Amino acid sequence: MSSSREQFLYGAIVGAGAVALGAGAFLATSGLWCASRRQPQHDHTRSLDHAPRHGHGHGDHDHEHEGCGSDYLFRNFITGQYAPPEELALYPFTPKELIEFHRKCADVCIKHKQEGVESRAMEVGCAAGRTSFELSRGFDSVLGVDISQAFVDKCNEIKRMGQTEYWLPGEGELGETKIAHLPPEIKRDRVEFVLGDACSLPPLGQFGCVFCSNILCTIKDPHKFLRDTHKYVVPGGTLVMAENYMRHGDAAEDKSSRLGGYK
45 MSSSREQFLY
55 GAIVGAGAVA
65 LGAGAFLATS
75 GLWCASRRQP
85 QHDHTRSLDH
95 APRHGHGHGD
105 HDHEHEGCGS
115 DYLFRNFITG
125 QYAPPEELAL
135 YPFTPKELIE
145 FHRKCADVCI
155 KHKQEGVESR
165 AMEVGCAAGR
175 TSFELSRGFD
185 SVLGVDISQA
195 FVDKCNEIKR
205 MGQTEYWLPG
215 EGELGETKIA
225 HLPPEIKRDR
235 VEFVLGDACS
245 LPPLGQFGCV
255 FCSNILCTIK
265 DPHKFLRDTH
275 KYVVPGGTLV
285 MAENYMRHGD
295 AAEDKSSRLG
305 GYK
């Protein structure tokens, strides 16, 4: 990545403005950023390194613990990603942006897919895997990466079964266990899930699209993540990020590692 490309990505996240630099183009809307890496005129057949697939997903934070930090947190990830929209909409505390959020993110990735570019996508920090599954609607191959073994195991279970149990909360400790089925348009055979750290991904080859959501707010070194992520995007490919301004866990302690938002 050139220095202008690095400055471009930093500006995309910190400034949240509409920018276009020589190394790429940037689109910002409602906290979702899409960066397109322009393909060099002299290189239309760049080879890809299809190295063994294992890596990490959400950086060094509490997803690393068994069960994603707690059974409660793990269970709520499953519900948030797989409960039907009509059930999520029943709860007044559910942000409207959460409803079908993962499908909408995948739609953005698919929309910006370029003709002739590698039809291979990676989601860094896939958690329960819903966006990775949704990406299979538009990409021939999808790799979901997360630091939580519990999440990776759950994703592979959903891939195998085509469905998952989720918890629909009621009053207090009450609720009911229900079953959600993946939509028929999901191509489960196109998706793989592996263990990996967002800040220390191994050589995984390159992808026509790299997607992540709420990564920068959880990892200890978002600067390094932004510096390194371009290595996984083919010329002509896209990097799509859905981020918020919150900081969680250990990531909130060290101000020197933040991209902004402190005095």
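Going by the numbering used here, the sequence shown runs without a break in its numbering and finishes at 307. Note that beta-carbon positions come from the ideal geometry of N, C-alpha and C, so glycine has one too. As the structure is a prediction and not an experimental result, all values here were calculated from the model.
Going by DSSP in three states, H225 sits in which element: helix, strand or coil?
strand
Nearest to D184 (by Cα), restricted to the options V235, I223, L212 and Y210:
V235
Between T123 and the rest of its own chain, which residues show a CB-CB distance below 6 Å, the 5 nearest in sequence each way excluded?
Y210 and W211
Would you mind giving the Cβ-Cβ distance between R181 and G252, rounded to the nearest angstrom? I have them listed as a contact below 8 Å.
Wrong, their Cβ atoms sit about 14 Å apart, outside the cutoff.
Taking DSSP's pairing of strands, which residues face L187 in a bridge?
M166 and E236
Throw me the rounded Cβ distance for the L132 and L117 pair, which I believe falls under 8 Å.
That pair is no contact at about 17 Å.
Along the chain, where does the beta strand (DSSP E) containing S257 start, and where does it finish?
F251 to S257
Residue environment, M205, which counts as buried when at least 16 other CB atoms sit within 10 Å:
exposed
Between the C-alpha atoms of D272 and C243, what's the straight-line distance to the nearest angstrom?
8 Å
Taking Cβ to Cβ, would you say L260 is nearer than 9 Å to H274?
no
Below 8 Å on the Cβ atoms is my contact criterion, and I expect F177 with I230 to pass it. Report the Cβ-Cβ distance as a whole number of Å.
5 Å
If you follow the alpha helix (DSSP H) that Q125 is in, where does it begin and where does it stop?
D115 to Y126
Whole angstroms is fine: what's the gap from H225's alpha carbon to T208's?
7 Å
Contact the stretch 191 to 203 vs the stretch 140 to 157: 3+ CB pairs below 8 Å
no
Could you give the residue range of the beta strand (DSSP E) that holds Q207?
Q207 to P213
Determine which residues share a DSSP beta bridge with G216 and list them.
Per DSSP, none; premise fails for G216.
With the cut-off set at 9 Å, would you say Q125 and G160 are in Cβ contact?
no
List the DSSP bridge partners of V277.
F251
Check whether K203 and F237 have beta carbons under 9 Å apart:
yes
By a C-beta neighbour count over all protein chains shown, 10 Å radius and 16 as the cutoff for buried, is Y135 buried or exposed?
exposed
Give the single residue among A127, G169 and P128 whose Cα lies nearest to the Cα of D241.
G169
Starting from E178, trace the alpha helix (DSSP H) both ways and give me its first and last residue.
R174 to L179
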